[in-house]
Amino acid sequence: MNVFTEITLNHYLALSGLLFMIGLAGVMIRRSILVIYMCLELMLNAANLALVAFNRFHVKPGGIHDYDGQIMVFMIITVAAAEVAVGLALIVSLYRLRQTTNVNDLNALKF
Amino acid sequence: MEALFFWIVATGLIAAALAVIFNRNPVASALFLATTFVFLACVFITLEAFFLAVVQIIVYAGAVMVLFLFIIMLLDIKAEAKRPIPFGKILLVLALSLVFAFFFGKVLTDLPTGQTLLQWNVHGAPKQDAKEIGMVLFTNYTLVFGTTAVLLLVATIGVILLSKREVK
Chain P
11 MNVFTEITLN
21 HYLALSGLLF
31 MIGLAGVMIR
41 RSILVIYMCL
51 ELMLNAANLA
61 LVAFNRFHVK
71 PGGIHDYDGQ
81 IMVFMIITVA
91 AAEVAVGLAL
101 IVSLYRLRQT
111 TNVNDLNALK
121 F
Chain C
319 MEALFFWIVA
329 TGLIAAALAV
339 IFNRNPVASA
349 LFLATTFVFL
359 ACVFITLEAF
369 FLAVVQIIVY
379 AGAVMVLFLF
389 IIMLLDIKAE
399 AKRPIPFGKI
409 LLVLALSLVF
419 AFFFGKVLTD
429 LPTGQTLLQW
439 NVHGAPKQDA
449 KEIGMVLFTN
459 YTLVFGTTAV
469 LLLVATIGVI
479 LLSKREVK
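The listed protein sequences derive, respectively, from chains P and C. Residue numbering for the first sequence is 11 to 121, as defined by the numbering used here. Residue numbering for the second sequence is 319 to 486, as defined by the numbering used here.
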């Protein structure tokens, strides 16, 4: 079996893992809180990709296909949209207080 | 042909994701994030999840990216300054990568190989996946669906409370 011409579940899982790792690296190396937030979205999307791939390759006996994994991804997308709205509102109110979005400057719980 | 499409889309996805974390300008990062979402929607299409691909583009590349760009413009965020990366952080990243690579390799070697896309097409794939997802969503997952509605309401009220100025 040729690894380049036959796309298996492993390919999708590798892609998902790589995407997650890039997101995690971004969270660790970036200093702007907004970009860190974008990298969190990348990690969520990596998880979505893994779920869709598992859902696609899961076939019940008799060739019946279920959509539970895709429902889960649908819910994750919904929750992520709500979470982005709340998180950005928090960032805006933080910026109003401190006039910065650099995480190195945000090192006090109270000021 | 499908394999070629997968490789093109996967390369684009990883390249766009890398561009997100290596650009100093947050606006460029946000635009590359939108590119990442579009490529991910293409990957969903290769997995025959057409409904999710459309939702991905509408919700992420549409709504979420507009929010991000709006906040970047509102706060007028400048590009990050160049700075040396501390040695401890490089060590941390390397250690985490090694741990990740170990578990990743273990998962990939433990999985049964040979599950290709063709296997499903033999059984005959249902093509109307929006209809199928709707059926499952409104029968087995009605409670989850209702809870999501409450969550969205709570998020809306929370955002309004967070962003309103204190009245003196």
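For glycine and all other residues, C-beta sits at the position ideal for the given N, C-alpha and C. Just so you know, these numbers come straight off a predicted model, no measurement behind them.
Residue 108 of chain P has a beta carbon lying at 9 Å or more from every beta carbon in chain C. Restricting attention to C:412, C:470, C:375, the CA atom closest to the CA of residue 38 of chain P is found in C:412.
With respect to residue 89 of chain P, residue 385 of chain C sits apart: the two C-beta atoms are not nearer than 9 Å.
For residue 380 of chain C, no alpha helix (DSSP H) segment is defined, and its DSSP state is neither H nor E. Cβ proximity to chain C below 9 Å picks out 87, 88, 89, 90, 91, 92, 93, 94, 95, 96, 98, 99 from the segment 87-99 of chain P. From the listed residues P:53, P:92, P:20, P:84, the smallest Cα separation to residue 423 of chain C is found for P:20. Across the segment 380-395 of chain C, CB contacts with chain P closer than 9 Å involve 381, 382, 385, 386, 388, 389, 390, 392, 393, 395, in sequence order along the chain.
Counting other Cβ atoms within 10 Å of its Cβ, residue 119 of chain P stays below 16 and is therefore classed as exposed. Within the segment 331-351 of chain C, the residues whose Cβ lies closer than 8 Å to some Cβ of chain P are 331, 332, 335, 336, 338, 339, 344, 347, 348, 351, listed in chain order.
For residue 53 of chain P, no chain C residue has a C-beta closer than 9 Å to its own C-beta; the minimum C-beta separation is roughly 10 Å. DSSP assignment within the segment 446-472 of chain C yields the following whole alpha helix (DSSP H) runs of 4 residues or more, N-terminal first: 447-457.
Contact of residue 377 of chain C with chain P by beta-carbon distance below 9 Å involves 87, 88, 90, 91.
When Cβ pairs closer than 8 Å are counted between the two stretches, the segment 100-109 of chain P is seen not to touch the segment 333-341 of chain C, the count staying below three.
In its chain, beyond the 5 residues on either side, 447 have a beta carbon closer than 8 Å to the beta carbon of residue 367 of chain C. For residue 35 of chain P, the chain C residues whose Cβ falls inside 7 Å of its Cβ are 339, 411, in order along the chain.
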